[in-house]
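Asks:
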Amino acid sequence: MLRKELRAIVLRPKVFVPILAVLFIPLLYSGSFLWAFWDPYGHLDRLPVAVVNEDQGAKLDGEPMHLGDDVVKRLKEKHSFAWHFVRRKQALQGLKNGEYYMAIIIPDDFSANATTVQNEAPKPLRLMYIPNEGANYLVGKIGDSAVMAIKEEIAKNVTKAYAETMLSKMKEAGKGLEKASKGASRLRDGVQSAEQGSRKLVEGMDVAEQGSARLAAGAEKAEDGAAQLSGYLAELAEKSVVFENGLQSVSDGATQVQTGAAALRDGLGKLADGSRRLADGEQQAQTGAAALATGLHESLNGMKTLQSRLPVLTDGANMVNEGAGQLAQGMAVWKQKAGEAAAGADRVSEGLQQYAAGLQELAEKASDPEQKAALQALAQQLEPLVEGSQAVAAGVGELAEKAGQLQSGAARLADGASSLASGQQAVQEGIEKIANGQQQLAAGADRLAGAQQKLTDGANELAGQLERAYRGAQTLAEGSGRLAEGVHELALGSGKLVSGTRELANGAGELSDGVGAVAKGAASLHQGMGRLVGGGQSLSSGLEQLVRGSAKLANRLDEGSKEAAGVRANERVYEMIADPVKNDKEPLHHVPNYGTGFAPYFLSLGLFVGALMLTIVFPLREPVERPSSGVAWFFGKWGVLVLAAAAQTLLADAWLLYGLDLHVESIGHFLVFTWIISITFMMIVQFLVTVFDNPGRFLAILLLIAQLVGSAGTYPIELVPGALQSLHPWLPMTHAIRGLRAVISSGDFLAMWKETAILLATAAVFALATLAYFLLRYRRCYAVWTETETAAQT
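Residue numbers for the sequence shown follow this note's numbering, so the first one is 118 and each next one is one higher.
1) Express the C-alpha separation of H780 and G756 in angstroms, rounding to a whole number.
2) Provide the residue span of the alpha helix (DSSP H) that contains Y890, from first to last.
3) Can you tell which of D675, R858, P744 has the C-alpha that lies nearest to the C-alpha of P717?
4) On the premise that D172 lies in contact with L184, defined as a C-beta separation below 8 angstroms, what is that separation, rounded to the nearest angstrom?
5) May I ask which residues mark the beginning and end of the beta strand (DSSP E) holding Y246?
6) Would you mind reading off the limits of the alpha helix (DSSP H) that contains E194?
7) How many whole angstroms separate the CB atoms of H845 and A829, which I take to be in contact at a CB cut-off of 8 angstroms?
8) For G174, which of G442, D432, S228 has the nearest alpha-carbon?
9) Taking the continuous alpha helix (DSSP H) assigned at A771, which residues delimit it?
10) Helix, strand or coil: which one does DSSP assign to K338?
11) Between R303, S147, Q373, S149, which has its C-alpha nearest G598's C-alpha?
12) Beta carbon of L805, beta carbon of G813: below 7 angstroms?
13) Just verifying my parser: in three-state terms, what is the DSSP assignment at V806?
14) Among I267, H196, K317, which has the Cα closest to the Cα of V188?
15) Is it right to say P833 is buried, meaning 16 or more other beta carbons lie within 10 angstroms of its own, or is it exposed?
16) What number of angstroms, rounded off, separates the C-alpha of V169 from the C-alpha of A220?
17) Can you look up E180 in the DSSP assignment and give me helix, strand or coil?
18) If you check the beta carbons only, do A208 and L164 fall under 7 angstroms apart?
19) Tell me whether the beta-carbon of F154 lies closer than 7 angstroms to the beta-carbon of Y775.
20) When you compare the CB positions of T791 and D770, do they come within less than 7 angstroms of one another, or not?
21) Anyone know if the C-beta pair for I142 and G727 falls short of 7 angstroms?
22) Taking 7 angstroms as the limit between beta carbons, can you name the residues of its chain near E661, skipping five residues before and five after?
23) Identify the residues that DSSP records as bridge partners of P165: which are they?
24) Out of curiosity, what's the CA-to-CA distance linking V437 and V234?
25) Under a three-way DSSP split, which group does N214 fall into?
26) For E467 and I822, which I take to be in contact (beta-carbon distance under 8 angstroms), what is that distance rounded to the nearest angstrom?
27) Determine the direct distance from the alpha carbon of L144 to that of S862, and round the result to whole angstroms.
28) Name the two residues that bound the continuous alpha helix (DSSP H) containing I854.
29) Helix, strand or coil for V437, going by three-state DSSP, please let me know.
30) Which value, in whole angstroms, describes the spacing of the CA atoms of K489 and V837?
31) Ordered along the chain, which non-local residues of its own chain (more than five positions away) have a Cβ less than 8 angstroms from that of V759?
32) Quick check on DSSP: helix, strand or coil for N236?
33) CB-CB under 6 angstroms to M182, same chain, minus the five flanking residues each way: which ones, in chain order?
34) DSSP has M219 in a bridge; who is on the other side?
35) Compare the Cα-Cα distances from L304 to each of D226, Q654, L123, G666 and report the closest residue.
36) Taking C-beta to C-beta, are V928 and M730 nearer than 7 angstroms?
Structure follows, in structure tokens:
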């Protein structure tokens, strides 16, 4: 029967030519779709887009900023679209007449708004985007992604500029801390010198105190001697021996006075020398304190400038976070609308197919030849509409799939923007704490400089007073020396005592008064020197604490300057702050383009349509002659369908492999599996059409529609309604698409053979059902006639 069926086909051109044409249906259906949409996103550089740059530029911290020119420069470098850089009027006119699909306008205050970071109400940078969605809806959605990428690029550049300014100010603050550290070091050295001078001053004061004690003791003795001298002058003549002894006592006292005065002079000389060193040290300390205050104020100004800039960066990060959240919400709405549009397109396609089937059925039932021809012509005219509606349904389904991907990207963008805003807020809080500490440090340095000025003035005054005391002590030493010489001469000239007794008595009275005054002065000097020694010791202790404090201050400032100097400020750091998150896409099984990803869906769809179309030109019931048995009848039809499946498969696979350069994991596995898919679809369609005729074709179309929406050829099955999800595992195209994905992309041949077993089992079930139908029909149509013919022959 198979040979007879094939001979009948070949010898009847009216049957052979249509069958030959139908064999190309899978190639035309799947091949044309995949060829047209093989890599649409790889040709976006052909899409004309108008760019209008009206930015006037601005200045940020004295540096020129031209963000509009930067955007134009980057667009010219990337060539992601066919950019046309025109004026606003030309761009708007081009949108109206269809010359451009969209226009991007950079306003004149674009850069100026970027410099409002320190204003009370900073202005955001606005990029005007005008898509011509009436010309092509998908272009508008593609443009949304492009403008979002441009917006992210601009935001990254602005953030990079802000980060560069912020880190530069931190570097300047570090230099100020370094100057403050050097000033604190000089302050430490000056205070250390002052502390050493204070020690020497205390030592000199100790020596001076001892000399003043001896001076007081000598003055007391001199006072006693003078009193005795005044009392004994009356008896001088009679008691010369006593006078001579008293004069000797006076001579000794004068010698002690001379010794004490010399010691006082030496002590005061050392004290004056120490006070001069103290004054020099205090002058150095004052200079270091002033330098410290200046450096801290410079550092404080830098920190304030940095602090004033941080809110803008925080606001920018928050704005990015809010915009990303709004984008995610918008993408969710778009995804929902795209799904509704896909469902509507499927319903339109289903209605057109039902209408076409109805016309075909009416044409077959019509008895009038002219009416039948008119109905057939109308059905043929309706076929392009059916195919167009199916293409629209597929395109809208693809759009809904892309909406899901865009929604996921928008959600990840919102998460990254939220992380960026949180990190930026933490940076701002840390900078505020540093600025507060810097304020306190600058105030303390000012107070230190004021106190150091007072200490310098006191040290200078002390040096002057000690200089005058030293000159007085020197005069006292000279006077006491002359006194000792006079008394000595008096002792040697005692022989003239009698003649000068009266004059001596007068002079002795004056001497007694003078020595008394000297004794009182010496006692006061001793008490003052004691207090001066105590003050010098307190001064020395205070200077020791100041040395330790200034050393600690110098160390802390040096550490701060090193930490500030360690802040890295280069292009890589700016890039890291502006764009801290990078996406590393590592696909498990790489799909190079759109066509490769949708090849399993369109190829399966083309094979099913080819099987359905074959039933129109090839009769599945009527044999070419009376069959010998139901089995022969079945295999005659079955063999033709299997050969047709092989021919359809080879034609479609050859075009995909060599015409479109589809890359598969194994060509042999690919050819075998597609043939099995075609055989399975042929068996299903054969059963439906053989058993039910035209209603069977209608059932096959319903099955095709169910497979279009439930086989997960475009969107993941989890995204379709629940009813379709439950239908998904029972659809033959589901297993065809799974197996083709395994042999084309993943290379999981175990999965392919699993799906092969399911398809072969499905084909066997429908083939056996068709065989049962032919056996039953043979008994009804030919069994009685065969028995009668056999009986007549016998």
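Backbone N, C-alpha and C define an ideal beta-carbon position, used for all residues, glycine too.
Replies: With the given structure in hand:
1) 31 angstroms
2) 866-895
3) R858
4) 6 angstroms
5) 245-248
6) 184-195
7) 6 angstroms
8) S228
9) 747-771
10) helix
11) Q373
12) yes
13) helix
14) I267
15) exposed
16) 8 angstroms
17) strand
18) no
19) no
20) yes
21) yes
22) E312
23) A199
24) Residue confidence is low: V437 scores 48 on pLDDT, short of 50, so the model does not pin down where it sits. Its coordinate-derived value is still stated next. C-alpha separation (whole angstroms): 15 angstroms.
25) coil
26) 5 angstroms
27) 21 angstroms
28) 849-858
29) Its pLDDT being 48, under 50, V437 is placed unreliably by the model, and the measurement read from it follows with that caveat. Helix, per DSSP.
30) 41 angstroms
31) I796, M799
32) coil
33) A175, S228
34) V166, P248
35) G666
36) It is not possible to answer for residue 928, since the shown part of the chain is limited to 118 through 911.
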